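Q:
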Amino acid sequence: MADFTNTTYCLLVFLISFVLVRYIFKTRVNRYNSIRSPPSPPALPIIGHLHFLGPILHRSFQNLSRRFGPLILLHIGESTCVVASSAAVIKEIIGTHENIFSYRPEFGSVDFYIYKESRFVTAEYGPYWRFMRKICMTKLLSGTQLNKCTDIRQQEIGRLLESLTKSYEEGKPIDISGLVTTMTNNIICRIVMSTRCSDSCDEAEEIKKFVKETLKLGRLLSVGDMLGPLSKFDLFGHGKKLKVVMGLFDKLLEGIMKEHEENRCHDKRGGDLMDVLLEIYRDENFEVKLTRNDIKSFILELFVAGTDLISTSIQWALAELINHPNKFKKLREEIDVVVGKSRLLQDSDVTAFPYLQAVVKETLRLHPPAPFIIRQCDEDWNIKGFNIMKGTRTLINVFAVMRDPDSWNQPDKFVPERFSNESFRHKQKEIKGQGFHYLPFGSGRRGCPGASLALNVVHATVGAMVQCFDWNANKDGVVTNQDFSCYSSSFEVSSIKDKGETTKEFIAKLDLKTGQKVLGGGCGIGGGDFYMPDNFGVMVSFNLERAIGCKCFVEFNVTKCMQMLR
Numbered sequence: 001m002a003d004f005t006n007t008t009y010c011l012l013v014f015l016i017s018f019v020l021v022r023y024i025f026k027t028r029v030n031r032y033n034s035i036r037s038p039p040s041p042p043a044l045p046i047i048g049h050l051h052f053l054g055p056i057l058h059r060s061f062q063n064l065s066r067r068f069g070p071l072i073l074l075h076i077g078e079s080t081c082v083v084a085s086s087a088a089v090i091k092e093i094i095g096t097h098e099n100i101f102s103y104r105p106e107f108g109s110v111d112f113y114i115y116k117e118s119r120f121v122t123a124e125y126g127p128y129w130r131f132m133r134k135i136c137m138t139k140l141l142s143g144t145q146l147n148k149c150t151d152i153r154q155q156e157i158g159r160l161l162e163s164l165t166k167s168y169e170e171g172k173p174i175d176i177s178g179l180v181t182t183m184t185n186n187i188i189c190r191i192v193m194s195t196r197c198s199d200s201c202d203e204a205e206e207i208k209k210f211v212k213e214t215l216k217l218g219r220l221l222s223v224g225d226m227l228g229p230l231s232k233f234d235l236f237g238h239g240k241k242l243k244v245v246m247g248l249f250d251k252l253l254e255g256i257m258k259e260h261e262e263n264r265c266h267d268k269r270g271g272d273l274m275d276v277l278l279e280i281y282r283d284e285n286f287e288v289k290l291t292r293n294d295i296k297s298f299i300l301e302l303f304v305a306g307t308d309l310i311s312t313s314i315q316w317a318l319a320e321l322i323n324h325p326n327k328f329k330k331l332r333e334e335i336d337v338v339v340g341k342s343r344l345l346q347d348s349d350v351t352a353f354p355y356l357q358a359v360v361k362e363t364l365r366l367h368p369p370a371p372f373i374i375r376q377c378d379e380d381w382n383i384k385g386f387n388i389m390k391g392t393r394t395l396i397n398v399f400a401v402m403r404d405p406d407s408w409n410q411p412d413k414f415v416p417e418r419f420s421n422e423s424f425r426h427k428q429k430e431i432k433g434q435g436f437h438y439l440p441f442g443s444g445r446r447g448c449p450g451a452s453l454a455l456n457v458v459h460a461t462v463g464a465m466v467q468c469f470d471w472n473a474n475k476d477g478v479v480t481n482q483d484f485s486c487y488s489s490s491f492e493v494s495s496i497k498d499k500g501e502t503t504k505e506f507i508a509k510l511d512l513k514t515g516q517k518v519l520g521g522g523c524g525i526g527g528g529d530f531y532m533p534d535n536f537g538v539m540v541s542f543n544l545e546r547a548i549g550c551k552c553f554v555e556f557n558v559t560k561c562m563q564m565l566r
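Number 293 in UniProt numbering belongs to position 293 of the sequence shown; there are no gaps in the numbering.
#1: Suppose you measure from the CA of N326 to the CA of C265; what does that come to, to the nearest Å?
#2: Below 8 Å between beta carbons: does that hold for T392 and I93?
#3: If you run the structure through DSSP and keep just helix, strand and coil, what is S297?
#4: Report the rounded CA-to-CA distance for I90 versus P449, giving the unit in angstroms.
#5: Run through the stretch 302-355 for me and flag every whole beta strand (DSSP E) of 3 or more residues, listed as ranges in chain order.
#6: Which term fits D175, buried or exposed, when burial requires 16 or more other beta carbons within 10 angstroms of its beta carbon?
#7: By the DSSP assignment, the alpha helix (DSSP H) with V121 in it spans what residues?
#8: Should F303 go down as buried or exposed, given a rule of 16 or more other Cβ atoms within 10 Å for buried?
#9: Using the rule of at least 16 other Cβ atoms within 10 Å of the residue's Cβ for burial, across every protein chain shown, is V211 buried or exposed?
#10: Please state whether the Cβ-Cβ distance between A460 and D347 is less than 8 Å.
#11: State the DSSP-derived secondary structure class of R59, mapped to helix, strand or coil.
#12: Count the C-beta pairs between the stretch 53-68 and the stretch 335-350 that are closer than 8 Å, then say yes if the count reaches three, no if not.
#13: What does a CB cutoff of less than 6 Å around residue 601 pick up in its chain, not counting 5 residues either side in sequence?
#14: Three-state secondary structure (DSSP) at Y438?
#15: Per DSSP, which one or two residues make a beta bridge with F372?
#16: Let's see if you can read the secondary structure: which residues bound the alpha helix (DSSP H) around N382?
#17: Assign E124 to one of two classes, buried (16 or more other C-beta atoms within 10 Å of its C-beta) or exposed (fewer than that).
#18: Take the Cβ of D272 as the centre, count every other Cβ of all protein chains shown within 10 Å, and call the residue buried at 16 or more, exposed below.
#19: Output the residue ranges of the beta strand (DSSP E) runs that lie fully inside the stretch 444-469 and measure 3 residues or longer, sorted by chain position.
#20: At which residues does the alpha helix (DSSP H) containing V82 begin and terminate?
#21: Report the three-state DSSP secondary structure of G48 (helix, strand or coil).
#22: Does DSSP classify I114 as helix, strand or coil?
#23: Can the beta-carbon of F298 be found less than 8 Å from the beta-carbon of L278?
#24: Out of H75, P55 and A84, which has the shortest C-alpha to C-alpha gap to P45?
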């Protein structure tokens with residue numbers, strides 16, 4: 001009887017949810033059909049245009065814009081958005097009418113974020129946002145503050161080079177992604193709270209773990225946003241997990257803040273960002289009073305955005321240079337002429353390396369750290385003759401804009417020379433996006449305030465890795481930023497056990513390409529990466545999302561090892 005009751009209850013919930021979503025979707029579509037809306041592909045009931053979207057969202061939107069135009073309307077579940085994919089349209093949105101599109105909406109239910117009232121990135125354009133932006137530019141991420149961190153950056157880059165050398169000398173495979181991410185975390189940890197993530201400090205290491213989990217759960221909640229009002233019910237439990245993780249992060253960060261306050265009482269003053277933020281927190285003369293949650297939220301956002309942006313950009317730059325040996329050679333020659341081989345490239349040298357700057361700019365053009373700029377229309381508006389309703393989310397496809405053949409010659413090719421060529425200067429492809437053709441860090445009021453920090457680290461790291469080592473890919477493929485080849489298969493539950501009890505049996509089931517091997521190590525169940533590197537030439541990363549009956553569907557990636565030659 002209990003089973004029947006539970007089944008009936010689940011069925012009722014499903015039917016009510018189905019009817020509600022269908023009603024909301026139909027109402028939204030009908031509202032847009034009554035006005036001159038942007039072009040839109042044929043939609044299906046309930047899911048809207050979801051069937052047009054592949055795993056790489058910005059590429060899917062790029063393909064749709066090529067078919068339907070630079071401004072298109074999409075319905076994805078309950079959500080409605082317009083996607084802009086040309087510089088002319090983007091100029092209207094974040095240039096001419098930026099005040100109408102100044103709000104950056106949340107994706108996923110904000111109820112699961114314990115700092116929802118303190119978020120700087122998605123704050124409304126008002127006193128709090130303007131205050132945080134001002135102190136970012138004048139105190140937290142100013143040129144003066146970044147100059148104080150020069151030694152930190154150089155020391156961590158030096159440690160990265162030492163790790164690479166040690167791995168090479170010991171004949172071990174080199175996990176570029178892991179080493180670069182660790183370096184980036186160490187830099188941010190030391191800038192924020194004067195502690196390295198990879199030392200014996202448990203606090204810094206815990207922050208690193210919390211940030212990774214927060215990023216993962218935040219993305220899952222963003223996907224659930226297409227359920228509309230139903231996303232508030234946390235049907236998949238991601239919101240509950242995020243609350244737990246953020247609660248632990250909050251407790252840890254509170255302890256670090258108290259430690260900094262105690263050090264100040266004992267006249268042990270530091271110069272990290274935490275000290276600066278606490279000084280602003282105590283000062284009653286500022287126009288906006290910071291709360292402790294404001295400080296914690298800002299630090300979390302700095303870790304989440306900074307770690308991903310910097311480490312990903314470094315990996316893509318190295319991957320592109322490995323795939324283009326002539327470009328690698330040209331950059332090496334530039335460094336050798338200016339710096340020579342007697343000392344390591346420094347931050348202060350970067351301005352003397354126009355080709356290094358061009359390599360980084362071209363990497364950011366082809367592989368923008370954030371492929372979308374997300375805004376929301378604050379009132380009914382008209383763009384290029386099409387009506388946009390108030391409250392509509394606007395996605396600027398940065399990836400598509402920076403590969404637009406109308407703006408770029410050979411848009412999909414890695415050609416750093418385009419940024420050192422005089423003929424390109426008139427197009428105003430500045431790093432801050434004023435020309436709207438080149439937007440790696442956004443543009444306008446909500447442009448990335450941490451762009452200078454990111455560029456400092458990326459330039460210095462890429463330059464040092466090119467200066468100190470020769471790099472080459474395995475003979476059987478082209479390198480990507482993580483050098484992943486994708487696979488998917490279905491395995492018996494018994495073939496995936498905790499603690500790596502059936503490692504050999506599991507490896508035997510993988511359909512690897514010629515020359516590929518799998519790293520030894522243990523594995524565990526639960527989603528995310530769980531097969532850890534040990535002693536061979538590639539790393540396997542699994543994502544276990546669901547089990548049906550006695551079968552588990554597993555999506556996984558196999559990466560090839562890169563050989564360091566010098």
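Even for Gly, the Cβ is constructed at its ideal location relative to N, Cα and C.
Only a predicted model underlies this, so the values are computations on that prediction, with no experimental measurement involved.
A: By the coordinates alone:
#1: Roughly 57 Å separates the two Cα atoms.
#2: The answer is no: Cβ separation not under 8 Å.
#3: Note: S297 maps to helix in three-state DSSP.
#4: If you draw a straight line from the Cα of I90 to the Cα of P449, it comes to about 20 Å.
#5: Segments of the beta strand (DSSP E) lying fully in the stretch 302-355: there are none.
#6: Buried is the call here.
#7: Neither: V121 is in no alpha helix (DSSP H) and is coded neither H nor E.
#8: Classification for F303: buried.
#9: The residue in question, V211, is buried, as its Cβ has 16 or more Cβ neighbours within 10 Å.
#10: Contact flag set, yes.
#11: DSSP places R59 in the helix class (H, G or I) of the three-state scheme.
#12: The stretch 53-68, when compared against the stretch 335-350, does not touch it at the 8 Å Cβ threshold.
#13: The structure shown has nothing for residue 601, since the chain only spans 1 to 566.
#14: It is coil, neither helix nor strand.
#15: Looking at the DSSP output, F372 sits in a beta bridge with N397.
#16: For N382, no alpha helix (DSSP H) segment is defined; the enclosing uninterrupted segment is the beta strand (DSSP E) at W381 to I383.
#17: When all chains shown are included, E124 counts as exposed.
#18: By the Cβ-count criterion, D272 is buried, with 16 or more other Cβ atoms from all chains shown falling within 10 Å of its own Cβ.
#19: Counting only runs of 3 or more, we get nothing.
#20: Annotation: V82 is outside any alpha helix (DSSP H); the continuous beta strand (DSSP E) that includes it extends over S79 to A84.
#21: In the structure shown, G48 sits in a strand (DSSP, three-state: E or B).
#22: Residue state, collapsed to three classes: coil.
#23: No, the pair does not count as a contact, with Cβ atoms beyond the cut-off.
#24: That would be H75, whose Cα lies nearest to the Cα of P45.
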